[in-house]
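Asker: What follows is a structure written as structure tokens; I'll ask about it next.
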Amino acid sequence: MQKHHVGLLLLALLFLLSLTVAAQTPPAPTNLMVDTSSARPGVGLSWNSSTTGWWLYRIYRSADDSMNYSLAGQTISRGFRDVDVAVGRTYFYFVTAATVTDSTVVESGPSNVVSVTVGTAGGRVRGTIAGTVIDSTTNTPVGGVRLIFYRVSSPARRLGVPQAWTDSLGQYSALLDTGTYIIR
Numbered sequence: 006m007q008k009h010h011v012g013l014l015l016l017a018l019l020f021l022l023s024l025t026v027a028a029q030t031p032p033a034p035t036n037l038m039v040d041t042s043s044a045r046p047g048v049g050l051s052w053n054s055s056t057t058g059w060w061l062y063r064i065y066r067s068a069d070d071s072m073n074y075s076l077a078g079q080t081i082s083r084g085f086r087d088v089d090v091a092v093g094r095t096y097f098y099f100v101t102a103a104t105v106t107d108s109t110v111v112e113s114g115p116s117n118v119v120s121v122t123v124g125t126a127g128g129r130v131r132g133t134i135a136g137t138v139i140d141s142t143t144n145t146p147v148g149g150v151r152l153i154f155y156r157v158s159s160p161a162r163r164l165g166v167p168q169a170w171t172d173s174l175g176q177y178s179a180l181l182d183t184g185t186y187i188i189r
């Protein structure tokens, strides 16, 4: 009878140990760096992991200060490109490693913090579109026309849509993010 109780006790102990291992906190990423060598837009980040294994990495960003962080993205690789940045702003980043068991996320402590001020090579790439609106029947410039630029890749976004007005000579110009637009 004692052997049966000892066996159950060992089984319960092994179960508790397996839960502890499954929910073990992963090691924090190290050597977080900003990749400034790429000509691609955005902020490139890379880091090291002290152990091998499959971790979910969570990237946190704060704009203009190092206090108010929010989740910028997640990846399973040891690199991330944040394209949701604006030229001239300073961003602070740190990364955590995480494991997910059932619906529980166990995160490591934070990596080192890095900061970067986005220059003209990073962030949104913008360009100027310009032209003249001509009346198709009289072939004369039309002043006072409102042009609205709808970006094809985000047709549902209607707030903050760029627009321009033609001057008395029918000319307009607008500064836009690069992309494909429908002009109405």
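Counting from 1 along the sequence shown, just add 5 to a position and that's the residue number in the working numbering.
Just so you know, even glycine gets a beta-carbon here, dropped at the ideal spot from N, CA and C.
In terms of residues, what are the limits of the beta strand (DSSP E) holding V110?
Answerer: That run of the beta strand (DSSP E) goes T109 to E112.
Asker: What does the alpha-carbon distance come out to for the pair M38 and T133?
Answerer: 33 Å
Asker: Given that a residue counts as buried once 16 or more other Cβ atoms are within 10 Å of its Cβ, and exposed if not, what is T122?
Answerer: exposed
Asker: Give the straight-line distance between the Cα atoms of R94 and V150, rounded to the nearest whole angstrom.
Answerer: 34 Å
Asker: Taking the DSSP output, what are the residues bridged to V105?
Answerer: V110
Asker: Name the residue from F97, D70, Y155 and P34 whose alpha carbon lies nearest to the alpha carbon of A77.
Answerer: F97
Asker: For the stretch 63 to 83 against the stretch 142 to 157, do three or more pairs of beta-carbon atoms, one drawn from each stretch, fall closer than 8 Å, so that the two count as touching?
Answerer: no
Asker: If you follow the beta strand (DSSP E) that I188 is part of, which residue opens it and which one closes it?
Answerer: Y186 to I188
Asker: In the structure shown, what three-state DSSP assignment does N53 receive?
Answerer: strand
Asker: Check this for me: beta carbons of G175 and V118, under 8 Å apart or not?
Answerer: no
Asker: Tell me whether A169 sits in a helix, a strand or coil according to DSSP, three-state version.
Answerer: Of the three classes helix, strand and coil, the one that applies to A169 here is strand, per DSSP.
Asker: Helix, strand or coil: which one does DSSP assign to M72?
Answerer: coil
Asker: Say whether the stretch 81 to 92 touches the stretch 104 to 119, bearing in mind that this needs 3 or more beta-carbon pairs closer than 8 Å, one atom from each stretch.
Answerer: These segments do not touch.
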